[in-house]
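Protein sequence lines correspond, in order, to chains A and B.
Using the working numbering, read the first sequence as starting at 6 and increasing by one per residue.
Using the working numbering, read the second sequence as starting at 6 and increasing by one per residue.
Ideal placement from N, C-alpha and C gives every residue a C-beta, glycine not left out.
One structure below.
2 protein chains.
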Amino acid sequence: RGRWPLGARAEPELLELQVVIESRDAGCHSYPHLASSEAYHLTITEPVAILKAEEVWGALRGLETFSQLVHEDDYGSFLVNESEIDDFPRFAHRGILLDTSRHYLPLKSILTNLDAMAFNKFNVLHWHIVDDQSFPYQSIYFPELSDKGAYSYNHIYTPADVQLVIEYARLRGIRVIPEFDTPGHTQSWGKGQKDLLTPCYNGEQPTGSFGPVNPILNTTYDFMTKFFKEISSVFPDAYIHLGGDEVNFDCWKSNPEVKEFMKKQGFGIDYAKLESYYIQKILDIASSYNKGYIVWQEVFDNKAQLKPDTVVQVWMENNYAHELSSVTGAGFTAILAAPWYLDYISYGQDWKKYYSVEPLNFPGSEKQKKLLIGGEACLWGEFVDATNLTPRLWPRASAVGERLWSSRNVTNLQDAYERLVSHRCRML
Amino acid sequence: RGRWPLGARAEPELLELQVVIESRDAGCHSYPHLASSEAYHLTITEPVAILKAEEVWGALRGLETFSQLVHEDDYGSFLVNESEIDDFPRFAHRGILLDTSRHYLPLKSILTNLDAMAFNKFNVLHWHIVDDQSFPYQSIYFPELSDKGAYSYNHIYTPADVQLVIEYARLRGIRVIPEFDTPGHTQSWGKGQKDLLTPCYNGEQPTGSFGPVNPILNTTYDFMTKFFKEISSVFPDAYIHLGGDEVNFDCWKSNPEVKEFMKKQGFGIDYAKLESYYIQKILDIASSYNKGYIVWQEVFDNKAQLKPDTVVQVWMENNYAHELSSVTGAGFTAILAAPWYLDYISYGQDWKKYYSVEPLNFPGSEKQKKLLIGGEACLWGEFVDATNLTPRLWPRASAVGERLWSSRNVTNLQDAYERLVSHRCRML
């Protein structure tokens with residue numbers, strides 16, 4: 006194997022990179038999806054290198070690899086080693102969670118991070134777009150949600166912004182899965198949508214503050230039906246993330262009408278049943294628009310009735326292997342986020358911790374292992390905004406990227422360190 | 006007290022800010038120093054506000070305050086409250102340590118941080134310019150030091166770069182104190198200066214690796230005499246930081262000639278005595294150029310003979326109050342860095358920890374308390390470069406800035422939080 010300058014005439018030379026997409030439907034005009042093929046075969050020999058892929062998504066991954074194989078020497082020549090690479094991802098779902106509610110992220114930050122995701126072969130942007138703190142998504146049907154719930158009129162994502170993100174991602178083979186988390190994490194929704202949230206009580210008096218979405222009113226489901234109709238059409242991905250995490254029952258418990266409803270439904274004092282009652286209706290709404298859904302692990306833990314193709318995202322760090330075992334044991338598809346909460350920072354090379362995770366290291370059958378379709382590096386936004394997002398997320402997330410793409414046996418930390426150092430420089 | 010638009014004619018208006026410097030020698034053409042007056046008195050009334058200061062350095066602080074008092078309303082008017090402010094710093098030495106050896110920092114990063122320092126009324130840039138990892142300082146007498154010891158020919162500070170930093174700092178009332186740390190932390194010096202470092206031995210064989218500066222050779226002191234002559238003239242500040250921390254004795258212990266020298270000097274096997282022997286010669290060299298010096302606490306701990314005006318920088322987190330007590334009890338001036346190692350990161354609002362430090366909370370007399378002249382927020386560079394320096398240092402260092410400037414009784418965390426939130430926005 007020799008090093009070939011791409012420019013100097015006197016030496017062997019690479020003149021062309023042929024890209025061959027073998028499937029009849031290359032997929033160029035569609036969106037990447039969970040079953041898309043990202044495999045590619047790259048042969049670099051003079052004078053023509055060949056990149057073969059079943060679908061355009063594999064070709065994109067191969068082009069990324071090719072660009073990373075080319076390096077510039079001290080004299081300005083571009084060199085690439087003669088190479089033959091057969092490559093495909095280990096996991097189909099390789100995501101980055103960005104949170105645009107705790108702090109608003111300007112469009113430019115999101116696009117920059119889609120670039121970084123492409124450099125690292127991530128293929129899912131999990132867009133945690135709204136939460137308690139703010140509602141930056143500008144709804145077409147319910148513009149009041151962002152008018153009242155965003156940090157300001159400037160801190161919103163217009164329909165055009167959202168389309169731009171989706172298209173920018175698509176061109177890089179990245180799916181955009183929006184998360185509209187309910188019934189908890191919804192304080193900002195309440196500002197623009199009257200009667201959506203549960204009024205909390207102190208004895209017989211309303212306190213003036215509000216809890217989770219009010220699960221006992223028909224108007225709630227009318228709203229959600231219309232809202233998710235919009236979301237289903239705005240976001241082309243086959244999946245919507247419906248949240249369902251960290252529902253605090255205190256407010257529901259304080260509300261006399263909710264208590265009355267519990268009695269009527271025969272839920273006793275088990276508010277997890279009320280939560281499941283709500284969630285199941287939301288899941289049905291999403292299903293009615295032919296969308297699959299992802300939920301946080303509590304929805305499974307609280308025994309909501311889930312369609313068999315539900316994807317459960319495991320986020321609680323405590324004993325996540327056990328949770329993966331339970332979720333897949335019940336036949337559900339799982340995504341692992343628990344060990345990859347990158348907003349938790351500490352001194353030194355914490356990427357090693359992220360890199361050393363073996364996602365399939367949980368008790369279960371081969372069939373169960375196949376149900377773990379991937380993972381996500383999550384950068385929650387409490388202490389992240391445009392000023393620190395990029396250096397906080399990268400190159401730490403690159404460690405997660407390699408774990409989710411490469412073979413199980415690629416685990417040597419020193420080798421990974423050397424790759425990561427070069428890769429970081431490439432990303433600058 | 007009313008809010009006065011500065012522009013709208015129909016209302017009270019501020020037409021002018023008069024700056025009065027009362028001292029005969031305003032100091033405009035000199036450098037700020039430890040005894041400079043940074044006090045100012047600011048009176049904002051219509052139509053003319055008056056800023057009075059003894060020296061130009063106080064006027065700079067007052068202008069910074071004035072600029073922070075002016076805010077823009079939603080209609081684009083600039084408003085300022087009628088105010089009278091009498092302000093002066095609690096501590097005379099308020100520093101930021103930047104480390105340009107572990108990672109090189111481009112000039113632009115340094116200048117940007119001098120701006121941020123001025124916004125926060127810091128007045129000392131402690132420039133930890135060289136260390137084991139690299140020697141970016143381009144010496145006039147010994148250009149080989151950076152030729153061989155810098156990360157590359159591009160990763161250096163030329164004499165012009167250094168002058169630019171010093172002048173940029175001066176214009177903001179900031180002293181630049183360079184640190185040339187010896188005898189440890191000097192691996193990069195050895196690359197460009199033959200025989201400067203101690204050869205390490207394995208039994209009777211040199212291992213080929215090197216330890217701290219070789220303290221037993223006359224050539225070492227010849228070199229240091231010439232080198233610090235240059236440093237003394239390049240850096241105008243009255244102080245040089247001479248380091249002296251973390252000297253590992255293993256290599257000295259392995260070297261037969263060093264052992265022989267120890268015997269001759271009657272040091273027995275107490276290598277701290279050898280360290281002090283070396284340090285005292287270096288201190289004498291600095292003194293011979295009429296420079297004061299700052300040293301890390303080990304130099305004091307190891308009982309080197311110190312001139313009475315030596316400044317001891319306390320950095321070890323363990324029981325730093327006790328160390329402050331010892332240092333000041335022995336009559337030396339002290340600077341506190343121990344609780345403010347900002348390169349150590351953790352999740353959440355760690356600024357509260359930095360803010361809650363009371364520097365004078367150590368056992369000692371009033372006279373001892375007066376010997377603590379200030380502190381430094383240190384951003385060591387192992388995991389910091391131009392990509393993350395600013396968001397890692399600011400606004401966390403602002404908490405240290407307020408602690409070192411404001412009165413002892415300004416300690417309310419909630420009030421500080423609100424100021425910090427506004428101040429962060431001002432800095433963006």
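DSSP three-state label for residue 222 of chain A, please. Reading the first sequence from its first residue, position 217 is the one you call residue 222 of chain A. In the structure shown, residue 222 of chain A sits in coil (DSSP, three-state: anything other than H, G, I, E or B).
Buried versus exposed call for residue 1 of chain B [16 or more other C-beta atoms within 10 Å across all chains shown]: It is not possible to answer for residue 1 of chain B, since the shown part of chain B is limited to 6 through 433.
Beta-carbon spacing of residue 183 of chain B, residue 252 of chain B below 8 angstroms: Stepping through the second sequence from its first residue, residue 183 of chain B is reached at position 178. Stepping through the second sequence from its first residue, residue 252 of chain B is reached at position 247. Result no, Cβ atoms of residue 183 of chain B and residue 252 of chain B do not sit closer than 8 angstroms.
Within the 8 angstroms Cβ cut-off, does residue 4 of chain A reach chain B? It is not possible to answer for residue 4 of chain A, since the shown part of chain A is limited to 6 through 433.
Could you check whether the Cβ of residue 352 of chain A sits closer than 8 angstroms to any Cβ belonging to chain B? Taking the first sequence and counting its residues from 1, the one referred to as residue 352 of chain A is at position 347. Chain B contact via Cβ: present.
Establish whether the CB of residue 422 of chain A and some CB of chain B are separated by less than 8 angstroms. Taking the first residue of the first sequence as 1, we reach residue 422 of chain A at position 417. For residue 422 of chain A, the answer is no, since every Cβ of chain B falls outside 8 angstroms of its Cβ.
Determine, using beta carbons only, whether residue 296 of chain A and residue 243 of chain A come nearer to each other than 8 angstroms. Your numbering for residue 296 of chain A matches position 291 in the first sequence. Your numbering for residue 243 of chain A matches position 238 in the first sequence. A contact, by the Cβ cut-off of 8 angstroms.
Residue-chain proximity (residue 392 of chain B, chain A), Cβ-Cβ < 8 angstroms: As a first step, residue 392 of chain B must be located in the second sequence, where it is residue number 387. Any Cβ of chain A closer than 8 angstroms to the Cβ of residue 392 of chain B would place that residue at the interface, and such an atom is present.
Roughly how many angstroms lie between the CA atoms of residue 164 of chain B and residue 113 of chain B, to the nearest whole one? Indexing the second sequence from 1 puts residue 164 of chain B at position 159. Indexing the second sequence from 1 puts residue 113 of chain B at position 108. About 16 angstroms.
For the region 324-358 of chain B, enumerate the residues whose C-beta is nearer than 9 angstroms to any C-beta of chain A, in chain order. 348, 349, 350, 351, 352, 353, 354
Is it buried or exposed for residue 72 of chain A, if we count other Cβ within 10 angstroms and need 16 for buried? The count along the first sequence starts at 1 and reaches residue 72 of chain A at position 67. Exposed, by the Cβ-count rule.
So residue 388 of chain A contacts chain B; which residues on that side make the cut at Cβ distance below 9 angstroms? Counting from one through the first sequence, the residue named residue 388 of chain A turns up at place 383. Ordered by position in chain B, the residues that pass the 9 angstroms Cβ test against residue 388 of chain A are 352, 353, 354.
From the DSSP output, in three-state form, read off residue 32 of chain B for me. As a first step, residue 32 of chain B is located in the second sequence; it is residue number 27 there, counting from the start. Coil at residue 32 of chain B, not helix or strand.
Where residue 204 of chain A falls, given that 16 or more other Cβ within 10 Å makes a residue buried: Numbered from its first residue, the first sequence carries residue 204 of chain A at position 199. Classification of residue 204 of chain A: buried, given that the 10 Å Cβ count is 16 or more.
Straight-line Cα distance separating residue 428 of chain A from residue 121 of chain A: Locating residue 121 of chain A in the first sequence gives position 116, where the first residue counts as 1. Locating residue 428 of chain A in the first sequence gives position 423, where the first residue counts as 1. If you take the alpha carbons of residue 121 of chain A and residue 428 of chain A, they lie about 11 angstroms apart.
Taking all protein chains shown into account, decide if residue 63 of chain B is buried (16 or more other Cβ within 10 angstroms of its Cβ) or exposed. Here residue 63 of chain B refers to the residue found at position 58 of the second sequence. Of the other Cβ atoms in all chains shown, 16 or more fall within 10 Å of the Cβ of residue 63 of chain B; this residue is therefore buried.
Closer than 8 angstroms to chain B by CB, residue 150 of chain A: In the first sequence, the residue the question calls residue 150 of chain A occupies position 145. It does not; no Cβ of chain B falls within 8 angstroms.
Using beta-carbon positions only, say whether residue 162 of chain B and residue 138 of chain B come within less than 8 angstroms of one another. The sequence position of residue 162 of chain B within the second sequence is 157, counting from 1. The sequence position of residue 138 of chain B within the second sequence is 133, counting from 1. No, Cβ-Cβ distance for residue 162 of chain B and residue 138 of chain B is not below 8 angstroms.
How many angstroms separate the CA atom of residue 339 of chain B from the CA atom of residue 97 of chain B? Position 334 of the second sequence, counted from the start, is the residue given in the question as residue 339 of chain B. Position 92 of the second sequence, counted from the start, is the residue given in the question as residue 97 of chain B. Approximately 12 angstroms, taken between the alpha carbons.
Quick check: residue 381 of chain A and residue 102 of chain A, are their CB atoms within less than 8 angstroms of each other? Position 376 of the first sequence, counted from the start, is the residue given in the question as residue 381 of chain A. Position 97 of the first sequence, counted from the start, is the residue given in the question as residue 102 of chain A. Yes, the pair counts as a contact, with Cβ atoms nearer than the cut-off.
Closer than 8 angstroms at the beta carbon, the chain A residues around residue 433 of chain B: Counting from one through the second sequence, the residue named residue 433 of chain B turns up at place 428. Within chain A, the residues near residue 433 of chain B are 392.
In or out: residue 43 of chain B buried (at least 16 other Cβ within 10 Å) or exposed? Reading the second sequence from its first residue, position 38 is the one you call residue 43 of chain B. Buried, since its Cβ has 16 or more Cβ neighbours within 10 Å.
Counting C-beta neighbours from all protein chains within 10 Å, is the total for residue 33 of chain B 16 or more, i.e. buried, or is it exposed? Here residue 33 of chain B is taken as the residue at index 28 of the second sequence, counted from 1. Residue 33 of chain B comes out exposed.
Which word fits residue 157 of chain A, buried or exposed, when buried means at least 16 other C-beta atoms lie within 10 angstroms of its C-beta? Within the first sequence, numbered from 1, the residue matching residue 157 of chain A stands at position 152. Looking at its Cβ environment, which holds fewer than 16 other Cβ atoms inside 10 Å, residue 157 of chain A is exposed.
Does the beta carbon of residue 241 of chain B come closer than 8 angstroms to any beta carbon on chain A? In the second sequence, counting from the first residue as 1, residue 241 of chain B sits at position 236. No, because no Cβ of chain A sits closer than 8 angstroms to the Cβ of residue 241 of chain B.
Cβ-based contacts, 7 angstroms cut-off: residues of the region 394-411 of chain B near chain A: Going along the region 394-411 of chain B in chain order, one finds 396 with a Cβ nearer than 7 angstroms to chain A.
Proximity winner among B:401, B:390, B:409, B:425, relative to residue 104 of chain B (alpha-carbon distances): As a position in the second sequence, residue 104 of chain B is number 99, starting the count at 1. Each of B:401, B:390, B:409, B:425 was checked against the Cα of residue 104 of chain B, and the nearest Cα belongs to B:390.
With 8 angstroms as the threshold, decide whether the Cβ of residue 142 of chain A is near any Cβ in chain E. In the structure shown, chain E does not exist; the protein chains are A and B.
When DSSP builds the beta bridges, which residues end up paired with residue 207 of chain A? Along the first sequence, one-based indexing puts residue 207 of chain A at 202. Its beta-bridge partners are A:210.
Could you tell me the alpha carbon to alpha carbon distance between residue 5 of chain A and residue 93 of chain A, rounded to whole angstroms? Because chain A spans 6 through 433 in this model, residue 5 of chain A falls outside it and cannot be assessed.
Own chain partners of residue 136 of chain A with C-beta closer than 6 angstroms, once the 5 adjacent residues on each side are dropped: Along the first sequence, one-based indexing puts residue 136 of chain A at 131. Taken in chain order, the residues that qualify are 106, 190.
Determine the contact status of residue 413 of chain B and residue 95 of chain B, defining contact as a CB-CB distance below 8 angstroms. One-based indexing of the second sequence puts residue 413 of chain B at position 408. One-based indexing of the second sequence puts residue 95 of chain B at position 90. With respect to the 8 angstroms criterion, residue 413 of chain B and residue 95 of chain B are classified as neighbours on the basis of their beta carbons.
Whole beta strand (DSSP E) runs in the region 113-172 of chain A with 3 or more residues, listed along the chain? 129-133
Okay, do the region 344-359 of chain B and the region 344-354 of chain A touch, 3+ Cβ pairs below 8 angstroms being the bar? yes
What separation, rounded to the nearest whole angstrom, lies between the Cα atoms of residue 206 of chain A and residue 220 of chain A? Within the first sequence, the letter at position 201 stands for residue 206 of chain A. Within the first sequence, the letter at position 215 stands for residue 220 of chain A. Going from the Cα of residue 206 of chain A to the Cα of residue 220 of chain A covers about 16 angstroms.
Just confirm the distance between the C-beta atoms of residue 55 of chain A and residue 87 of chain A, as a whole number of angstroms; I'd bet it's less than 8 angstroms. Taking the first sequence and counting its residues from 1, the one referred to as residue 55 of chain A is at position 50. Taking the first sequence and counting its residues from 1, the one referred to as residue 87 of chain A is at position 82. That pair is no contact at about 13 angstroms.
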